[in-house]
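Residue numbers (our numbering): 2 to 590. In this text, a Cβ means the ideal position worked out from N, Cα and C, and glycines have one as well.
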Amino acid sequence: MKDFLKYTLATIVGIILTSIIITVISITSIAGMVASEGASGSVPENSILRIKLDGEIVERAGEGSPMDFLNQGEQATIGLDQALEAIKKAAKNERVKGIYLEAGSLAAYPADIQELRQAMQQFKESGKWIVAYGDSYSRGAYYLCSVADEVFLNPSGMIDWSGMASQPIFFTGLMKKVGVKMQVFKVGTYKSAVEPFINTEMSEANREQTQSYLGSMWSNMQKDVAQSRKLSVETLNAFADSASVLAQAEVYVENKLADKLAYLSDVKEALRQRLELEEDDDLAFTTIADVAASDDLSEKVEEEIAVYYAYGEINDSRSTGFNQEHSITTKETLTDLQKLRKDKDVKAVVIRVNSPGGSAFASEQIWHEVQLLRAEKPVVVSMGGVAASGGYYISCGANQIFADPMTLTGSIGIFGMIPDASELLTEKLGLSFDVVKTNAMSDFGAQGRPFNAGEAAKLQNYINQGYELFTGRVAGGRGLQQDSVKTIAEGRVWTGEQALKIGLVDKLGNLEEAIKAAADLAETENYTVGRYPSATPWYMTLLDKESNEYMEGKLRAVLGEYYPAFSLVQRIGKMNPIQARMPFDPNIK
């Protein structure tokens with residue numbers, strides 16, 4: 002009887018697993034057919050590129066989920082690379098007549114939105130139009146939509162133009178309640194990534210740097226909006242002070258932030274008029290994915306400028322728990338850069354960096370590989386929303402560094418952060434510890450006690466050495482004296498606009514401009530742009546035991562702005578204790 006039940010249960014489990022596999026394969030096939038239908042040639046005549054600004058802008062678009070087709074091809078996230086490609090192609094595609102921006106709650110680094118906005122501006126210069134509509138506009142969504150020819154607002158809607166704020170979360174009180182203290186070793190007065198675990202409020206140095214970079218970003222946003230909306234910066238700033246999110250819809254029109262109040266049906270009629278359609282004619286919308294996949298008529302040549310995307314946190318390996326959807330890992334990155342170095346068709350490499358940093362050890366290994374690459378061919382760095390701490394470490398040795406004005410960069414500093422749970426273990430849980438050892442440091446890092454004075458001194462010395470190495474790498478890469486680097490280092494975060502003035506970057510410019518600079522350095526005029534590494538198909542993540550993308554996505558959706566803090570706490574025990582990273586503040590987005 003036992004054998005019967007055992008074999009019956011095994012058969013049932015086998016049937017279930019087989020069904021799951023068949024279902025996955027079937028969905029993959031359906032997704033493939035849908036993708037084929039939305040590929041080259043799927044852009045209809047007299048169409049409008051619709052971009053929904055309700056979600057998050059990420060550095061690269063993956064191949065998505067097979068269920069995306071249920072949402073008419075619209076994804077919850079916007080891949081910046083794909084969006085820029087689509088807008089560029091839409092400007093040249095005679096089938097696309099204009100862009101319709103449907104605003105909502107858009108989450109992205111200001112620099113990423115600025116780069117997308119620049120592409121929109123170039124699209125308008127082609128002679129085509131942009132129309133924006135929203136029930137409500139987040140600050141980021143409005144900043145982008147302000148470039149439109151017409152901005153429509155729902156009669157019951159609102160526009161968030163209330164300025165920028167940073168509101169970090171501090172865990173020190175919670176840790177005290179459970180009997181855990183954070184042992185911190187750092188170099189850099191402004192290195193504030195450790196503050197949530199040892200303070201209950203921002204240090205004066207952190208408050209100073211945060212006020213500085215927020216002011217720089219807000220100034221850039223106001224300047225761009227003022228130019229598009231034909232308003233003065235003073236007028237926009239005064240409106241921000243007047244609690245814009247609580248205003249009646251009419252007030253936004255009166256203050257020229259919006260052109261008209263309208264319902265969605267009214268906006269669709271306005272679009273019909275632009276296309277000279279009859280009232281009963283349907284509007285033909287197309288998507289970012291469809292336009293980006295449409296035929297590229299440019300001539301294919303052998304010489305290539307490679308764009309390598311390095312985004313996410315920098316880790317020694319992938320097995321670090323949940324992270325920022327994508328990570329820069331040592332093994333994969335070194336292998337990829339080695340392949341580009343050996344590829345004779347690749348004449349120059351643009352490394353697109355969008356990273357707050359991470360493991361100091363991994364950053365050093367990647368820096369070294371970049372130097373080997375630079376010895377063979379030109380290397381240009383294009384900084385995205387953030388390229389700070391370890392993100393700056395891997396960038397500093399390039400031939401040239403481009404940054405957007407609102408890129409967050411710098412944060413040149415090192416820290417170590419190791420929990421001391423001895424109070425929790427001994428006083429609250431009642432555990433006792435003893436030791437027998439052969440040498441003075443044999444029990445280094447023992448759980449039952451904090452570091453003693455000798456151990457703490459050695460750790461601090463190790464951090465100091467790491468800082469010396471980091472600032473030395475920056476000095477060598479930027480052609481500066483190391484002492485000069487230290488005066489602008491100290492872990493301080495700068496915007497790209499500020500970094501240009503102090504020599505940390507060479508030029509303000511977007512990815513497209515960085516590619517042109519790389520081609521100039523390689524002395525090539527006729528080239529193809531290749532993008533690396535290849536995007537991972539969604540179904541491969543199901544087979545990857547180290548991937549947590551599905552669960553991570555759910556946690557992000559539930560926790561919202563608290564997810565980054567949760568993620569950091571969850572990974573503290575697994576990450577390299579010596580870090581070169583900047584603090585992550587979701588409110589910057």
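In the structure shown, Met121 falls within a helical segment according to DSSP collapsed to helix, strand and coil. Here DSSP, grouped into helix, strand and coil, assigns Ala536 to coil. Taking the C-beta atoms as reference points, Val506 is found nearer than 9 Å to Met384. Considered as a whole, the stretch 238–285 harbours 250–255, 265–276 as its complete alpha helix (DSSP H) runs of no fewer than 4 residues, in chain order.
Where Tyr143 is concerned, the enclosing alpha helix (DSSP H) starts and stops at 140–146. With a cutoff of 9 Å on beta-carbon distance, Leu232 and Ile160 are scored as not near each other. Taking each of Thr201, Tyr253, Lys224, Tyr101 in turn and checking the Cα distance to Tyr134, the smallest one comes out for Tyr101. Nearest in C-alpha terms to Ala363, of all of Ala244, Lys332, Arg353, Gly216, is Lys332. Rounded to the nearest angstrom, the Cβ distance from Ala520 to Ile306 is 5 Å, consistent with a contact under 8 Å. Contact annotation: Ile79 and Gly99 have beta-carbon atoms that are not nearer than 9 Å.
One Cα belongs to Ala142, the other to Asn527, and the distance between them is close to 36 Å. In the three-state DSSP reduction, Gly128 falls in the coil class, being neither helix nor strand.
Assignment of Gly431 by DSSP, reduced to helix, strand and coil, places it in the coil class. The three-state secondary structure of Glu314, taken from DSSP, is strand. Annotation note: the stretch 345–388 contains the following uninterrupted alpha helix (DSSP H) runs of length 4 or greater, listed N- to C-terminal: 361–377.
For Lys125, same chain residues with a beta-carbon under 8 Å away, outside a window of 5 residues either side, are Ile131, Val148, Asp150 in chain order. If you compare the alpha carbons of Ala399, Lys345, Ala388 with that of Val351, the shortest gap goes to Ala399. If you compare the alpha carbons of Pro420, Ile413, Ser443 with that of Gln483, the shortest gap goes to Ile413.
Judged by DSSP secondary structure, Met159 falls within the beta strand (DSSP E) whose first and last residues are 151–160. Measuring C-alpha to C-alpha distances from Ala250 to each of Ala263, Asn94, Glu279 identifies Ala263 as the nearest.
A Cβ-Cβ contact shorter than 9 Å links Met222 with Pro111. Following the DSSP letters along the chain, one finds Asp55 inside the beta strand (DSSP E) bounded by residues 48–59. Every beta strand (DSSP E) stretch that sits fully inside the stretch 387–423 and reaches 3 residues is listed by chain position as 401–404, 409–411, 415–421. Of the residues Tyr138, Asn200, Asn207, the one whose Cα lies closest to the Cα of Ser167 is Asn207.
With a threshold of 16 other beta carbon atoms within 10 Å, Phe240 meets it and is buried. A Cβ-Cβ distance of about 6 Å is found for the pair Leu512 and Arg353, placing them in contact under the 8 Å criterion.
Between Val292 and Leu107, the C-beta spacing is not below 9 Å.
For Gly174, the enclosing alpha helix (DSSP H) has its first and last residue at 173–179. In this structure, the alpha-carbon of Thr287 lies about 19 Å from that of Gly128. In the three-state reduction of the DSSP assignment, Ser137 falls in the strand class, which pools E and B.
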